[in-house]
Amino acid sequence: MVLKGSSLRQTLAVVLVLSVFALVQAEDPYRFFNWNVTYGDIYPLGVRQQGILINGQFPGPDLYSVTNDNLIINVYNNLDEPFILSWNGMQQRRNSYEDGVYGTTCPIPPGKNFTYILQAKDQIGTFYYFPSLAFHKAAGGFGGIRILSRPRIPVPFPDPAGDFTVLIGDWFKTDHKKLQAKLDRGHKLPFPDGILINGHGPNGAFFTVEQGKTYRFRISNVGLQNSLNFRIQGHKMKLVEVEGTHTVQTMYESLDVHVGQSYSVLVTMDQSAQDFYIVASTRFTDKILTTTATLHYSNSNKALSGPIPGGPTDQINWSLNQARSIRTNLTASGPRPNPQGSYHYGLINITRTIKLVSSADQVKGKQRYAVNSVSFIPADTPLKLADYFKIGGVFRVGSISDKPTGQNMYLDTSVMGADFRAFVEIVFENHESIVQSWHIDGYAFWVVGMDGGLWTPDSRKEYNLRDAVSRSTTQVYPRSWTAIYMALDNVGMWNVRTEFWARQYLGQQFYLRVYSPVNSPRDEYPIPKNALLCGRAQGKSTRPL
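Right, dumping it as C-alpha cells:
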C-alpha cells in the first residue's frame, strides 16, 4: 500500500520513535501490521451483503503474537463513517487509551489512518478483535488473536500438528446500518437468520487434517447475542485454555461458548479416513439455528454422511455443570514460568463488593437496557481523554451505584470509581429469562461461583477459592447469579459491558475508572503521542512526537 502526505509522515515518525526505543532500551520484539478497512460484497448466507473487510478478508486476518510482543497496527479507514477496533481480552496494561472503545479512543475518521501501539504484556491465549463503534460488528471486521508462549516457558501439552482459528457467531442478512436504525428507533432486533463459522454458512468452512495427528482449535463466539454449542462429529475435545488461562485438561463431547467467549481445545484425528461435521447451534432459543463446517481427513475416502450430530438445546443445568467443571491448571505455567496456582486469590481479603443487576425497559417510549437502573449514553468526548485533559461536564465519577438502587431506568454517562490495587468481589445478578454474557476490558477475573436464584452473602459458601478459571468474559444464567473476584491492578478507564450487542448499544454498559493518585508511568502510561483527539479534546496537545 502506498502512503501519502500526513499519513506517511505520521507512520514514519511512529516507526522512527519505536525503532530508537528498541535499540536503546532492548525492548521486547516488535511486529508491524498494515490493515486496510473497506466495504465489500459478502455472501455468508447466500445473499449479497455489504461487509466490513480487513485487507480484503472476511473475517479479518489473524493477529499473531508472542507474550510481551509490541504490536504496531496501522489501520486505514476507507469506510464512509468513523471506525474503531477493539481487542477483546487483551488487557492493555497501563494503557486504556489503546483499548479501542469510544469511552477511551477517538474513532478513525473516514479516509484517515491511526496506528495502534499495543503490547501483549504478560498474556498468552486465545482472543479476538472486533469493530466496537455503531453496529459495525454486524457487518464483520472481526478476526482472531493468538498470543503464544515465549520459547522458554513450558506449555502443558505437546505442540499440535496445526492451529486453527474458529470464529462462530449468529448473523443477520439485514444490513448493519438498517439494524442500527431499528435500534435507534427504539425497537428490538428480530431473531438472527443463521450461524456462521469463519464467515461461512452451512458447509462453507473447511478444515483439512492428517489422520492420527492432534490439532488445536481456537474457538471464539464473535456473534451478536446467542450462546452456541460447538461439537465435532465422532471426536472428543480436550479443553486446554480459556481466554489466557491453561485449564485442567478435561474431555468434552461438546462445549457451550457464550457470546464473547474464547476456548482452545485439542482434537486427535483418531477416526477412520473420512469427512466429519463440525457443528455450531444456538442454545436456550425457541428456534434452534444450526450450521456446519467440514473436518476433512487428508486421506478421506468418504464424504460427509449421516445425520448432523445433535447437541443440548435448553438445558440450563447441563450448561451450568459444564461451566463449573472448567478449572485452572494450578501447576501449569502461564505467561511467566511460575505456576498459575502461585497467586492464591482465595486468601486475599475483599475490599469491596459490587453488585450489578441488568434490566430492560422503555425510556421515553424507546427500548433501553441498563445496569443498576442507569442506561449508558455516550458523551461527546471519550471519557479517558476528558479525564486526562480535565475537561469538566463530560462525566461524573459515581454516576452509577455499586448496588442496585430500585430506581426507574434513566439515561446517563455512567462511570463507577474504583481504587488502584483494591481487590473486589463483583456479583452479576440476572433477573431476566435470557442468558447474559458480561465482559470487562483491561482485566481477567476469577469466576468463583454461579448458581440459580438471588445472591446472598451465604452464597460465598459455594465459592471455588482454589482453582476457579480466570477469564475476561463470563455468563450469567437466567434468573441466576455469577460472582467474580478481581484484583484492580490496571489503572485506566475500562468498559464493563454485556456482549449481547443490541443491549450494549442501547445502554447495558458502564465504565470503571480505576484511579491512582500517583502520576507515574509505573502505574499508567502517558497519553500516546499519536492519540486522535475529538469532541472537546480537539485542539489539545498530547506530547511531542
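For the sequence shown, the positions run -26 to -1, 1 to 519 when mature numbering (1 follows the signal peptide of the UniProt record, and there is no 0) is used.
We put the beta carbon where it would ideally sit given N, CA and C, even for glycine.
Note that the coordinates shown come from a computational prediction; the quantities given were computed from them, not determined experimentally.
Residue nearest to residue i in terms of C-alpha spacing, selected from the options
i	options	result
Ala254	Phe474, Leu278, Ile193, Gln289	Ile193
Asp260	Asn200, Gln296, Asn10	Asn200
Asp230	Phe204, Arg453, Asp354	Phe204
Val241	Thr182, Asp288, Ala297	Thr182
Asn469	Gly85, Tyr451, Tyr459, Thr447	Thr447
Asn69	Leu507, Tyr499, Pro309	Tyr499
Gly178	Arg190, Ile142, Ala306	Ile142
Asp497	Arg67, Lys210, Asn10, Ser411	Arg67
Ala306	Thr221, Thr188, Ser349	Thr221
Gln410	Arg434, Ser454, Glu399, Glu436	Ser454
Met243	Cys80, Arg22, Thr327, Pro134	Pro134
Leu157	Asn438, Tyr384, Arg190, Gln341	Gln341
Leu304	Leu439, Thr265, Thr430	Leu439
Lys329	Arg517, Asn87, His161, Val398	Val398
Gly175	Ile501, Ala247, Leu19, Glu436	Leu19
Gly366	Asp15, Arg510, Asp167	Arg510
Leu263	Ala277, Asn273, Leu269, Ile282	Ile282
Arg301	Cys508, Trp412, Lys212, Asp167	Lys212
C-beta atoms of residue i and residue j nearer than 9 Å
i	j	result
Trp420	Val443	yes
Asn382	Asp432	no
Ile121	Ile98	yes
Val214	Gln207	no
Ile322	Ala461	yes
Asp43	Gln65	no
Tyr451	Gly426	yes
Val389	Phe484	yes
Asn51	Gly85	yes
Ile351	Thr379	no
residue 524	Ile169	Outside the shown range of the chain, which is -26 to 519, sits residue 524, and nothing can be said about it.
Glu406	Tyr271	no
Ala267	Asn195	no
Phe7	Leu506	no
Thr100	Gly218	yes
Ser373	Ser347	no
Leu27	Tyr76	no
Tyr90	Ile47	yes
Ile82	Phe109	no
Leu37	Gly115	no
Burial state of residue i (16 or more Cβ within 10 Å)
i	result
Ser316	exposed
Phe165	exposed
Ile324	exposed
Val345	buried
Lys338	exposed
Lys111	buried
Leu(-4)	At Leu(-4), the pLDDT of 37 sits below 50, so the modelled position is not reliable; the number obtained from the coordinates is stated separately. Flag for Leu(-4) reads exposed.
Arg395	exposed
Pro105	buried
Arg159	exposed
Asp144	buried
Arg326	exposed
Gln(-2)	With a pLDDT of 43 at Gln(-2), under the threshold of 50, the predicted position of this residue should be treated as unreliable, though the coordinate-derived value follows. Gln(-2) comes out exposed.
Val492	exposed
Arg(-18)	Caution applies to Arg(-18), whose pLDDT of 49 falls short of 50 and renders its modelled position unreliable; the value that the coordinates give is listed next. By the neighbour-count rule (16 or more Cβ atoms within 10 Å), Arg(-18) is not buried but exposed.
Gln478	buried
Asn275	exposed
His318	exposed
Met225	exposed
Gln512	exposed
Asp415	buried
Bounding residues of the beta strand (DSSP E) (the contiguous stretch that carries residue i)
i	result
Asn291	No beta strand (DSSP E) holds Asn291; the alpha helix (DSSP H) holding it covers 290 to 299.
Arg477	Element bounds for Arg477: not the beta strand (DSSP E) but the alpha helix (DSSP H), 475 to 479.
Phe191	188 to 195
Ala344	340 to 345
Lys212	211 to 216
Ser236	236 to 242
Phe7	4 to 16
Thr182	180 to 183
Ser349	348 to 350
His413	410 to 414
Ala334	326 to 337
Ser388	388 to 393
Unbroken alpha helix (DSSP H) run spanning residue i, endpoints
i	result
Asp158	150 to 158
Asp361	357 to 363
Counting only runs that start and end within the region 426 to 497, where is the beta strand (DSSP E) found for 3 or more residues in a row? 447 to 450, 454 to 461, 466 to 472, 483 to 489
Completely contained beta strand (DSSP E) runs for the region 24 to 82, where each covers 3 or more residues: 37 to 40, 44 to 51, 59 to 62
Write down every uninterrupted run of the beta strand (DSSP E) in the region 79 to 154 whose length is 3 residues or greater and which is fully enclosed by it, in chain order. Runs found: 87 to 93, 99 to 105, 117 to 122, 136 to 145.
In chain order, which beta strand (DSSP E) runs of at least 3 residues are fully inside the region 249 to 323? 249 to 256, 264 to 271
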